[in-house]
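Engineer:
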Amino acid sequence: MVGFASAVALATAGCGADQQVLVGLVRDNPLNVAVVTLPEEFIGAASAPFTMRAKPDELLVVYFGYTMCPDLCPTTLADLRSAFKRIGPTSDIVDLAFVTVDPLRDTVDRLAPYLSSYVDRFHVIRTTDMVELKTAEEEFLANSSVTTNALGVIEVTHTALAYIVDDMGTVIDELPFGVGADGFTNDLQILINNINKGE
Numbered sequence: 163m164v165g166f167a168s169a170v171a172l173a174t175a176g177c178g179a180d181q182q183v184l185v186g187l188v189r190d191n192p193l194n195v196a197v198v199t200l201p202e203e204f205i206g207a208a209s210a211p212f213t214m215r216a217k218p219d220e221l222l223v224v225y226f227g228y229t230m231c232p233d234l235c236p237t238t239l240a241d242l243r244s245a246f247k248r249i250g251p252t253s254d255i256v257d258l259a260f261v262t263v264d265p266l267r268d269t270v271d272r273l274a275p276y277l278s279s280y281v282d283r284f285h286v287i288r289t290t291d292m293v294e295l296k297t298a299e300e301e302f303l304a305n306s307s308v309t310t311n312a313l314g315v316i317e318v319t320h321t322a323l324a325y326i327v328d329d330m331g332t333v334i335d336e337l338p339f340g341v342g343a344d345g346f347t348n349d350l351q352i353l354i355n356n357i358n359k360g361e
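Each residue of the sequence shown is one higher than the one before, counting from 163 in this note's numbering.
1. Flag this pair as yes or no: are the beta carbons of residue 249 and residue 219 separated by less than 9 angstroms?
2. From the DSSP secondary-structure annotation, give me the bridge partner or partners of residue 227.
3. Based on the DSSP output, what are the partners of residue 327 in its beta bridges?
4. Reducing DSSP to helix, strand and coil, say where residue 209 ends up.
5. Kindly identify the DSSP beta-bridge partner or partners of residue 256.
6. With DSSP collapsed to three states, give me the class of residue 279.
7. Contact between the region 312-322 and the region 220-234: three or more CB pairs below 8 angstroms?
8. Decide yes or no for the touch test of the region 198-207 against the region 280-298: beta carbon pairs closer than 8 angstroms, at least 3 of them.
9. Alpha carbon to alpha carbon, how far is residue 322 from residue 276? Give it in angstroms, no decimals.
10. Pull up the distance between the alpha-carbon of residue 293 and that of residue 185, whole angstroms please.
11. Under 8 angstroms: do the region 221-228 and the region 292-311 share three or more Cβ pairs, one atom per stretch?
12. Along the chain, where does the beta strand (DSSP E) containing residue 203 start, and where does it finish?
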């Protein structure tokens, strides 16, 4: 991946056995996405603005995807679910914000049950304003497209990164597709431990 400092980064300072390593992608100059606000939708209730930062002393996993995704999205969400189970109760400080890149087909009635089949804590993020969506993607250096081919089949592409955001809106880790449940477990556990230690 071009533009990243390295594929690994030290998660704690100092030397010795306490040193742990993130497997995700970490930038020399991390992105800050606190300026990004998109509609959060609820079943049977009006939408509300959602800002892309975690609650105080928590973590937010942001993912751009869509419910009809055949591979990347379900695999990533399954990896996240497995990580939560492995980590246990301390994973309760991790939220998921799922931003649909296919808003015309992905209604809240489709998104909410889809996400609830993977995780307990989630935010359905959906806008039909494509300029608003693209502006948000740019802040994450992400992209997506929805096109219709000659056979009338809808084709969707999207960035396959899970962004871990802290309570200041800083993207502190970017997990690419393929790190698996082991990668999610490793990085989330390190970051949760850091929060619990006040780091």
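Just so you know, even glycine gets a beta-carbon here, dropped at the ideal spot from N, CA and C.
Structural biologist: Working from what's here:
1. no
2. 262
3. 222 and 333
4. strand
5. 221
6. coil
7. yes
8. yes
9. 18 angstroms
10. 33 angstroms
11. yes
12. 199-204
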